[in-house]
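Residue numbers (my numbering): 378 to 573.
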């Protein structure tokens, strides 16, 4: 089974690109969504996050996302500790998920694919890019957040240049039609290169 990593900075449009691959029948694993599910469902993760952040980490048994966002905002130590609790469990969840797939290849969408070493399990890596100003505009509209918070997240992620250097494909996601064309081209190339 070929694993294609899909990554890019916050607001670059990874989810849009992932959906375009789904249109070709490619199963997509979105690590961020699965991590959020696990943070609410896994007793081990709950226990460890409460140990790390205190009882406020959960409200009524549900992850208190605003509280956690504030706790890790500009705090690399808390961010790293939280990631060390969640990422290994997401990796195991992905292994179980991929074992159920019966297709030539799957997409694994991870914002911090390089930062957390997830690229090591990928046969190919696609990086999605967009200008910083475009990304900030998208995020302000989508998340009702602040520029300061967006820039703090961006500082904790690799630059586009660093990602591109280690990627097999790059999708500049500014114009949807051009993005669709690029996804079709990459899909065809991956399928052509797979030895059945």
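Idealized CB from N, CA, C, for every residue including glycine.
If you look at residue 542, you'll find it isn't in any beta strand (DSSP E); it sits in the alpha helix (DSSP H) that goes 537-542.
The DSSP-derived three-state label of residue 436 is strand.
Below 8 Å, enough C-beta pairs join the stretch 482-490 and the stretch 381-401 to call them touching: three or more.
For the pair residue 501 and residue 379, the CB atoms are nearer than the 9 Å cut-off. Restricting attention to alpha helix (DSSP H) runs no shorter than 4 residues, the stretch 426-499 encloses them at 442-449, 453-476, ordered along the chain.
Under the three-state reduction of DSSP output, residue 522 falls in the coil class, being neither helix nor strand. Distance from the CA atom of residue 467 to the CA atom of residue 553, rounded to whole angstroms, is 30 Å. Apart from the 5 residues on each side of it in sequence, residue 564 sits with its Cβ closer than 6 Å to the Cβ of 401 in its chain, given in chain order. Annotated three-state conformation of residue 407 is strand, per DSSP. Shown here, residue 527 sits in a helix according to DSSP, grouped into three states. As the crow flies, the alpha-carbon of residue 442 is around 12 Å from that of residue 450.
By the criterion of a C-beta distance shorter than 6 Å, residue 495 is surrounded in its chain by 487, once the five residues flanking it on both sides are discounted. Going by C-alpha positions, residue 411 is about 19 Å away from residue 497. When 519, 448, 436 are compared, the shortest CA-CA separation from residue 429 is found for 448. Taken through DSSP and simplified to helix, strand or coil, residue 401 comes out as coil.
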